[in-house]
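Going by the UniProt record's numbering, 324 is the number at position 324 of the first sequence; the sequence numbering is gapless. Quick reminder that beta carbons are idealized off the backbone N, C-alpha and C, glycines included. First comes the structure, then the notes that go with it.
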Amino acid sequence: MSFSERILNWYAEHKRALPWRETKNPYVIWLSEIILQQTRVEQGMPYFFRFLETYPNVTKFANAEEAEILRLWQGLGYYSRARNMHKASKQVLELHNAKFPTDYQSLLKLPGVGEYTAAAISSFSSNHAHAVLDGNVFRVLARYFGIEEPINSSSGKKIFSKLAEEMLDRNQPAEYNQAIMDFGSLQCKPKNPNCAECVLRIDCRAYESGLVNVLPAKIKGKKSKDRFFHYFIIEHDGAVLMSQRSEGDVWANLFEFPMIESDADLNVAELVQMEEFQKDFGLSVPTQIKGQIKHILSHQNIYARFYKLEINASKLPKKSHWNYFILEKLDTLAKHKLISSFVEHYF
DNA sequence: AAGTCGGGGTT
DNA sequence: AACCCAGACTT
């Protein structure tokens, strides 16, 4: 039996029932695919339902405020996905007369839609013959063919991309694409794959050569950097001073409290000596609210401290990214996890 | 080709 | 602590 036949047979028995598999609506599939980029199915599922309910079609999405979309996206991470979705939805209104495209090339032009997502939407919605290549497919192919080229190298991407297209079942691209991803996710897992009962085992090169736990090979990235954030809770007349993060750094455009970053951890005495502190807050003395919180991201470890700061409003500098919000409005702002968690138990 | 962009689960 | 997740984009 061929590779794709075995994958499809396995899929017929083990497929997951996922809500976005019930539709061929490219808008709904796009919604699910963007949400699922680098995101587990279980984590993305509630967001998928929330977005579909709030924006039932691409026109509703395009006409929404970006701030509202970001708030709905809150907690999911990689927030540029939400901003790109808004741009993409507007592009669909203007260039495609509000009819969501299904052809690979048009999809590829949408912000936030890369080769994987274009292949996914075009195949799932219209059964177009484009092979998906995500983390699952990389793993299945690397192991089955015993390819030791790193999957995140330039040459590796070319090799696997070509191979994925060759293996695609062109008679049923949509079904095959779903099948190989489920196979990678449930059967050919990163750790402890179920080789004991695997339809590919008889000619799996990695199994044959004992490389299952080595493949796929990957070039290691840089080590995480440590950053130290000091947040200041400044309240006046039932309103809290919030700051909107700039672009070009983590959590672009999201809201948080005014803060100062330092190269190393500081105690209060060292903090108030910082030039930046004195420039913004003068001789005010911060009162630490709780202990240090460690917030781990893929590429940086953030150590945060929160302080209450009593200061006369007239002594604060005016900054375009600083604004007061009454407590009731605080919930409507899109905040990153570090801040939303704090707000949840503090206010 | 390498770096950046989140949050959470698994091992 | 390391790795990974229905990746895309910038430098």
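Around the Cβ of M1, are there at least 16 other Cβ atoms within 10 angstroms (buried) or fewer (exposed)? exposed
Same chain, Cβ closer than 8 Å to A206, five either side skipped, listed in chain order: A142, R143, Y144, G146, V212, V214 and L215
Could you tell me the distance, in whole angstroms, from the CA atom of L313 to the CA atom of I180? According to the sequence provided, residue 313 is Ala. The question's Leu does not apply to it. Spanning the two alpha carbons is a distance of roughly 59 Å.
Please confirm if the stretch 239 to 251 is in contact with the stretch 172 to 190, defined as three or more CB-CB distances below 8 Å between the two stretches. no
Please list, in chain order, all residues of the same chain as K222 whose beta carbon is under 8 Å from its beta carbon, the five residues on each side excluded. H299
Taking only the alpha-carbon atoms, compute the straight-line gap between I339 and N84 and give it to the nearest angstrom. 23 Å
DSSP on K90, reduced to helix/strand/coil? helix
Give the secondary structure of E115 by DSSP, where H, G and I count as helix, E and B as strand, and everything else as coil. helix
Who are the near neighbours of E66 in its chain, counting only those whose CB is closer than 7 Å to its CB and skipping five residues on each side? R83 and H86
In chain order, what residues of the same chain lie with their CB nearer than 7 Å to the CB of K315, ignoring the 5 residues before and after it? G282
Exposed or buried, what is I326 when buried is set at 16 or more other beta-carbons lying within 10 Å of its beta-carbon? exposed
Boundaries (first-last residue) of the beta strand (DSSP E) holding F228: K225 to I233
Candidates G135, F257 and G291: closest to K218 by CA position: G135
Let me check understanding here. Comparing Cα to Cα, which of Q273, T23, Y116 and Y78 lies closest to L297? Y78
Alpha carbon to alpha carbon, how far is F228 from I302? Give it in angstroms, no decimals. 6 Å
Residue burial classification, E42 (beta-carbon count within 10 angstroms, cutoff 16): exposed
Can we say the stretch 305 to 312 touches the stretch 232 to 240, given the rule of at least three CB pairs closer than 8 Å? yes
Beta-carbon separation (whole angstroms), I159 vs E33, contact threshold 8 Å: Not really, about 24 Å apart at Cβ, beyond 8 Å.
Report the rounded CA-to-CA distance for R245 versus K99, giving the unit in angstroms. 34 Å
According to DSSP, residues forming a beta bridge with L241: Y324
Determine the extent of the beta strand (DSSP E) in which I302 is found, giving its start and end residues. Q300 to K308
One question on the structure: do L271 and I289 come within less than 9 Å of each other, judged by their Cβ atoms? no
Output needed for S4: all residues of its chain with C-beta closer than 7 Å, excluding positions within five of it in sequence on either side, in chain order. M167, D169 and Y176
Leaving out five residues on either side along the sequence, give the residues of the same chain with a beta carbon under 8 Å from the beta carbon of N152. K218 and I219
Tell me the DSSP secondary structure of M85 in three-state form. helix
Take P26 and list the residues in its own chain whose beta-carbon comes closer than 6 Å to its own, dropping the five residues that flank it on each side. F100, T102, I121 and S125
Would you identify the three-state DSSP class for H295, choosing helix, strand or coil? strand
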